[in-house]
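Encoded as structure tokens, the structure appears first; notes follow it.
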Amino acid sequence: PEKFGMVNFNKQMKVSEIIDKPKKTRLKYMWGVIVWNYKFTEFLKTSVEEEGIRDFAEILNAAIKNNLKITGLKFDRGIYTDLGTFDELKKLYEKYSSK
Numbered sequence: 010p011e012k013f014g015m016v017n018f019n020k021q022m023k024v025s026e027i028i029d030k031p032k033k034t035r036l037k038y039m040w041g042v043i044v045w046n047y048k049f050t051e052f053l054k055t056s057v058e059e060e061g062i063r064d065f066a067e068i069l070n071a072a073i074k075n076n077l078k079i080t081g082l083k084f085d086r087g088i089y090t091d092l093g094t095f096d097e098l099k100k101l102y103e104k105y106s107s108k
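Residue numbers for the sequence shown follow the working numbering, beginning at 10 and rising by one.
Now the structure itself:
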């Protein structure tokens, strides 16, 4: 979990908190993909340009506190590949380019 933003949500999948890169956690799910609408785009723009926030987990938590609807979707049997670094992207390319 120390590499990912862990997600806390209720039975209706409403996200209540993002805990960014915790050393330990009881949470089972992380966020890997985000889809949003124009309301969040405006919130994101304000957060970055006017408030100087650069951490995405911090922006998501602020959005939650400002009552923007953030809903999770679980992929219990999915496979997640982190592409946050060049080396991770290279590993993925090498794994699938020969097939």
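Just so it is clear, CB atoms sit at the ideal spot from N, CA and C, and this is done for glycine as well.
Residues near LEU92 in its chain [Cβ-Cβ closer than 7 Å; skip 5 each side]: Within the same chain, and ignoring the five residues on either side of LEU92 in sequence, the residues whose Cβ sits closer than 7 Å to its Cβ are LEU98, LEU101.
Compute the Euclidean distance between the alpha carbons of ARG63 and GLU26, then round it to the nearest angstrom. In a straight line, the C-alpha of ARG63 is about 17 Å away from that of GLU26.
Complete alpha helix (DSSP H) runs within the stretch 62 to 92 (minimum length 4 residues, chain order): Listed in chain order, the complete alpha helix (DSSP H) runs (minimum 4 residues) inside the stretch 62 to 92 are 65 to 74.
Based on Cα-Cα distance, which residue from VAL16, THR34, LYS37 lies nearest to ILE43? Of VAL16, THR34, LYS37, the smallest CA-CA separation from ILE43 is found for VAL16.
Mapping the DSSP letters down to three states, classify GLU59 as helix, strand or coil. Of the three classes helix, strand and coil, the one that applies to GLU59 here is coil, per DSSP.
Residue range of the alpha helix (DSSP H) that includes PHE95: Unbroken alpha helix (DSSP H) run through PHE95: 95 to 106.
First through last residue of the beta strand (DSSP E) which encompasses ILE28: 24 to 29 is the extent of the beta strand (DSSP E) around ILE28.
Where do the N-terminal and C-terminal ends of the beta strand (DSSP E) with GLY14 fall, by residue? That run of the beta strand (DSSP E) goes 14 to 18.
Compute the Euclidean distance between the alpha carbons of LYS74 and SER106, then round it to the nearest angstrom. LYS74 and SER106: Cα-Cα distance of roughly 43 Å.
Straight-line CA distance for ARG35 to GLU59? The alpha-carbon atoms of ARG35 and GLU59 are separated by roughly 34 Å.
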